[in-house]
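Protein chains in written order, with this note's numbering: chain Y, 1 to 183; chain C, 1001 to 1183. Right, one structure below, let's go through it.
There are 2 protein chains.
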Amino acid sequence: MSLPHAILTALLEKPSSGLELTRRFDRSIGYFWSATHQQIYRELGKLEADGLIRVLPSEQPARGQKKSYEVLPAGRTELARWTSASQDPKPHRDALLLRLRAAAVVGTAGLEADLRRHLELHERQLAEYEEIEKRDFPPGRDGTDVRLRHLVLRAGIDLETFWTQWLRRAVADVAELPDGGPT
Amino acid sequence: MSLPHAILTALLEKPSSGLELTRRFDRSIGYFWSATHQQIYRELGKLEADGLIRVLPSEQPARGQKKSYEVLPAGRTELARWTSASQDPKPHRDALLLRLRAAAVVGTAGLEADLRRHLELHERQLAEYEEIEKRDFPPGRDGTDVRLRHLVLRAGIDLETFWTQWLRRAVADVAELPDGGPT
DNA sequence: CGTTATTATGCAACTAATTGCATAAACCGT
DNA sequence: ACGGTTTATGCAATTAGTTGCATAATAACG
């Protein structure tokens, strides 16, 4: 399981409160590991109980009041262990591809509009990634950490590029098919 | 949720027993919607209780004995409804990208070997897809259902192509970095 | 000041998915 | 007929993830 390690990574990059983490999971980190604020609060509790993180000493906690966490040495060790350990890739699940397959047996009615919508979403995401690349990774020699983060962003860009291309083709294909199918 | 719809699709393509479904989820359908046999048996029970599928009349059931299902009209209707309804894409989770990001803060030790392993897995999957394409989709004009299934396979091929290319780059990049990082 | 909106934290219930195990029949060699 | 392997179905417990709601502090508005 990876959520605790995602949180450890985020906290090592910068100590944060639950809500700050939630916001970062809506941007950068969340682009390849999403999480809701409830997951995050729950996991912060566990990580603290396990002695991998702690509340920043300066803060005094009270319900509904900001509480920032930082990673303890044990947390860094655990993250390094997890990062270097080999892991089997989890199986994918893609509802859109499944729907296309279903459309092959029950007809394509209503599909095209949603394909277009997905295309738009992926185009928007791609534009956002390219914006980030232009802003955060100008050309030139860089340190290890920057090169690795750039590599991750490249994966995002290339994935979105693939989806936009595939969806354009899918929209065109579905548009020229007889709508009904064997419904 | 999509597992019931994946099963309905599979059963419409061909009525099957739980184990036959499990096998098909290890191949074709499972390439974009994986499921274990326990999930499948559980879901078959629910679908039957809901009146969307039924046991083939010819078979008489007994524990440990084959039991094939077919889709009822209500099931086909539900699948058509789901297929045409618009859905928001679920957020991705990719542990490998997360690990790269973690490596940017705790060092790349041990990563390269696993990147190579993933590369090999994706190369193998790509080869398998291309084999299927050659076998099942020879060039030429085809019916709606065949074109849609081919479109789905193309997504698989293009995705694996992306991953093999990206991983080759990642392996090369990581190989030439100083191993330690800020561990 | 008092009321409303926003920020921030968190619990509880539910749904989905995974893991490990149990059972039973069929098939296969000896 | 027996013991071992494979095929097939299924239960139970656990873990992971989602959804809906509750609470408290703070800011902002008149």
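All C-beta atoms in this analysis are idealised placements derived from N, C-alpha and C, irrespective of residue type, glycine included.
Query raised in the report: Cβ atoms of Ala113(Y) and Ser1086(C): under 9 Å apart, would you say?
Result: In the second sequence, residue 1086(C) corresponds to position 86, counting from 1. In the first sequence, residue 113(Y) corresponds to position 113, counting from 1. Their beta carbons are under 9 Å apart, which means Ser1086(C) touches Ala113(Y) by this criterion.
**Report entry** Chain-ordered residues of the region 1102 to 1133 of chain C with a beta carbon less than 9 Å from chain Y
**Finding:** Ala1102, Ala1103, Ala1104, Val1105, Val1106, Gly1107, Thr1108, Ala1109, Gly1110, Leu1111, Ala1113, Asp1114, Arg1117, His1118, Leu1121 and His1122
Requested in this report: Classify Glu130(Y) as helix, strand or coil using the three-state DSSP reduction.
Outcome: On the first sequence, residue 130(Y) is found 130 positions in, with the first residue counted as 1. Glu130(Y) falls in the helix class under three-state DSSP.
Report task. Spatial neighbours of Glu1160(C) within its chain, please: CB distance less than 7 Å, with the 5 preceding and 5 following residues excluded, ordered by chain position. Result -> For this step, residue 1160(C) is matched to residue 160 along the second sequence. Leaving aside the five residues that flank Glu1160(C) on each side, the residues in its chain whose CB is nearer than 7 Å to its CB run, in chain order, His1122, Gln1125, Leu1126 and Tyr1129.
Query raised in the report: Listing by chain order, which chain Y residues have their CB less than 8 Å from the CB of Pro1089(C)?
Result: As a first step, residue 1089(C) is located in the second sequence; it is residue number 89 there, counting from the start. The contacting residues are Ala95, Leu96, His118 and Leu121.
Query raised in the report: Cβ atoms of Leu1151(C) and Ala170(Y): under 9 Å apart, would you say?
Result: Residue numbering aside, residue 170(Y) sits at position 170 when the first sequence is read from its first letter. Residue numbering aside, residue 1151(C) sits at position 151 when the second sequence is read from its first letter. A contact, by the Cβ cut-off of 9 Å.
Query raised in the report: With 16 as the cutoff for other CB atoms within 10 Å, does Thr9(Y) come out buried or exposed?
Result: Here residue 9(Y) corresponds to residue number 9 of the first sequence, with the count starting at 1. Looking at its Cβ environment, which holds 16 or more other Cβ atoms inside 10 Å, Thr9(Y) is buried.
Query - Same chain, Cβ closer than 6 Å to Ile1040(C), neighbours up to 5 away in sequence not counted - result: On the second sequence, position 40 is the one that residue 1040(C) refers to. Scanning its chain for C-beta atoms nearer than 6 Å, with the 5 sequence neighbours on each side dropped, one finds around Ile1040(C) the residues Gly1018, Leu1021 and Thr1022, in chain order.
Query raised in the report: CA-CA distance, Val174(Y) and Trp163(Y)?
Result: Within the first sequence, the letter at position 174 stands for residue 174(Y). Within the first sequence, the letter at position 163 stands for residue 163(Y). Those two C-alpha atoms are separated by around 16 Å.
Query - Contact list for the region 137 to 150 of chain Y against chain C, Cβ threshold 7 Å - result: Thr144, Asp145, Arg147, Leu148 and Arg149
Query - Residues that DSSP places opposite Arg54(Y) in a beta bridge - result: Your numbering for residue 54(Y) matches position 54 in the first sequence. Looking at the DSSP assignment, Arg54(Y) forms a beta bridge with Glu70(Y).
Requested in this report: Could you spell out the range, first to last residue, of the alpha helix (DSSP H) harbouring Trp33(Y)?
Outcome: By one-based count along the first sequence, residue 33(Y) stands at place 33. Run containing Trp33(Y): none; DSSP gives neither H nor E here.
Query - Minimum C-alpha distance to Leu1167(C) - residue among Asp1158(C), Gly1030(C), Leu1177(C) and Glu1120(C) - result: To locate residue 1167(C), count along the second sequence from 1; it is residue 167. Among Asp1158(C), Gly1030(C), Leu1177(C) and Glu1120(C), the Cα nearest to that of Leu1167(C) belongs to Glu1120(C).
Report task. Find the nearest neighbour of Lys1066(C) within the set Thr1083(C), Ala1035(C) and Pro1015(C), judged by alpha-carbon distance. Result -> For the purposes of this step, residue 1066(C) is taken as residue 66 along the second sequence, with counting starting at 1. Out of Thr1083(C), Ala1035(C) and Pro1015(C), Pro1015(C) has the C-alpha closest to the C-alpha of Lys1066(C).
Query raised in the report: Hey, quick one: how far does the alpha helix (DSSP H) through Gln39(Y) stretch, first residue to last?
Result: Locating residue 39(Y) in the first sequence gives position 39, where the first residue counts as 1. Here the alpha helix (DSSP H) through Gln39(Y) covers His37 to Ala49.
Requested in this report: Assign Ser1017(C) to one of three DSSP states: helix, strand, or coil.
Outcome: Within the second sequence, residue 1017(C) is the residue found at index 17, counting from 1. In the structure shown, Ser1017(C) sits in a strand (DSSP, three-state: E or B).
Report task. Count the other CB atoms, across all protein chains shown, that sit within 10 Å of the CB of Glu1043(C); report buried if there are 16 or more and exposed otherwise. Result -> Working through the second sequence from its first residue, we reach residue 1043(C) at position 43. By the neighbour-count rule (16 or more Cβ atoms within 10 Å), Glu1043(C) is buried.
Query raised in the report: Is the beta carbon of Asp94(Y) less than 9 Å from the beta carbon of Ala1155(C)?
Result: Numbered from its first residue, the first sequence carries residue 94(Y) at position 94. Numbered from its first residue, the second sequence carries residue 1155(C) at position 155. Going by C-beta atoms, Asp94(Y) is nearer than 9 Å to Ala1155(C).
Query - Boundaries of the alpha helix (DSSP H) in which Phe162(Y) is found, first to last residue - result: Looking up residue 162(Y) in the first sequence gives position 162. DSSP places Phe162(Y) in the uninterrupted alpha helix (DSSP H) bounded by Thr144 to Ala175.
Query raised in the report: Using 9 Å as the limit for Cβ to Cβ distance, is Ala175(Y) near chain C?
Result: Counting from 1 along the first sequence, the entry for residue 175(Y) is found at position 175. Chain C places no beta carbon closer than 9 Å to that of Ala175(Y), leaving this residue out of the contacts.
Query raised in the report: Whose Cβ in chain Y lies nearer than 7 Å to the Cβ of Leu1100(C)?
Result: The count along the second sequence starts at 1 and reaches residue 1100(C) at position 100. Residues of chain Y with a Cβ closer than 7 Å to the Cβ of Leu1100(C) are, in chain order, Leu148, Leu151 and Val152.
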